[in-house]
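Comments concern the structure below.
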Amino acid sequence: DIFTNARPQWLPPGARGIFGGAVIAQSLAAAQRTVPTDSSSSEGVFLVHSCHCYFLLAGDAAIPLLFHVERVRDGRSFATRTVQARQKGRCVFTATISFVREGAGGRKLVTHAPALPPGVVPPGAGQGQDAADAGEPVWGESGPFETTGTEVVWPEEEDGTAGKKEDQVRCRSWVRARGKVSEAGGLAAHLNALAYVSDAGFIGTVARVHRLMPRLKATRDGDGEGKEGHPVLGMMVSLDHSIYFHAPRRVKVDEWMFSEMETPWAGDGRGLVTRRIFAADGTLLATCVQEGVVRLQQDKQSGNAKL
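Final position of the sequence shown in the UniProt record's numbering is 307; the numbers increase by one with none missing.
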């Protein structure tokens, strides 16, 4: 099965290639077209539960992508697809996507999930509809999503001051699609859009935690930003991306969703980030994991400046 994008790819301001979330979302959309989605089907409805991706080359926004979908497995409970996104005869992105038949787990289930962090309330709660409607565009006025309530939460030391335990910092925001998602797209459109936004500012969490983005508003004193010898970001690019969809039927991307990101590890020129996305009612919608290249500018340019 081969698919292509019907509209031009969106290129974020200042980016050198197609936004990774767009390729993830379109790969998922292509794979969704190869699994049963009709509730009247004897096979049942198959919904995505995990997606594991690798970014191989920068995509050119001026050239259509071809999405090659291979039907790896069709089982009674699970279906697996691999997707290659190709341009100019080269594979720029790969994904392995797994679908589960709805209700395959039975009636008796093992369940648990984290709750929204204490004190977190949806935008506009108790403030009227105008406050709930207030949001800032992501990536400028052309961005497909808007965000509000963005904050970086630093851990506190015993004396109440902000600590420097980078693995305990939390980057939080509320996010939603700008405008309403078309009803014609159904649930698949909401899941594709969730995959799209899951990559927004993701690997940048490492740079925020280490104060490598001077354009960001300072969030604590004593960062050392602007001082001589302060490290400067040289390169940052995503290598892979995984999404675990926990509650597909509850995904409504045109309603406010809470995003919390953290980075448990960074080293050897790479960084690892995780993200949880909640519905406004506290339902955990998805968990995301990504590793990326995060390199500092060196005193002398070395031969490893390129990937």
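Even glycine gets a Cβ: it sits at the ideal position worked out from N, Cα and C.
Given the structure is predicted, the values throughout are model-derived calculations rather than measurements.
Query: Spatial distance of Phe245 from Val83 (CA atoms); Result: 18 Å
Query: Arg275 versus Val253: straight-line alpha-carbon distance, rounded; Result: 16 Å
Query: Arg176 versus Ile277 - alpha carbon distance; Result: 11 Å
Query: Simplified DSSP assignment, three categories, for Leu296; Result: strand
Query: Helix, strand or coil at His68 according to DSSP, with G and I counted as helix; Result: strand
Query: Span separating the alpha-carbon of Ser238 from that of Glu43; Result: 37 Å
Query: Segments of 4+ residues assigned as alpha helix (DSSP H) that fall wholly inside the region 20-83; Result: 20-32
Query: Boundaries (first-last residue) of the alpha helix (DSSP H) holding His190; Result: 186-197
Query: Three or more C-beta pairs below 8 Å linking the region 248-262 and the region 80-99; Result: no
Query: Closest residue to Asn192 among Gly20, Leu11, Asp1 (Cα-Cα distance); Result: Gly20
Query: Residue of Pro36, Val72, Val181, Trp154 minimising C-alpha distance to Glu102; Result: Pro36
Query: Short Cβ contact (7 Å threshold) for Gln297 with Gly234; Result: yes
Query: Rounded Cβ spacing between Arg73 and Ala79 (contact assumed at less than 8 Å); Result: 6 Å
Query: For Ala177: DSSP bridge partner residues; Result: Phe145
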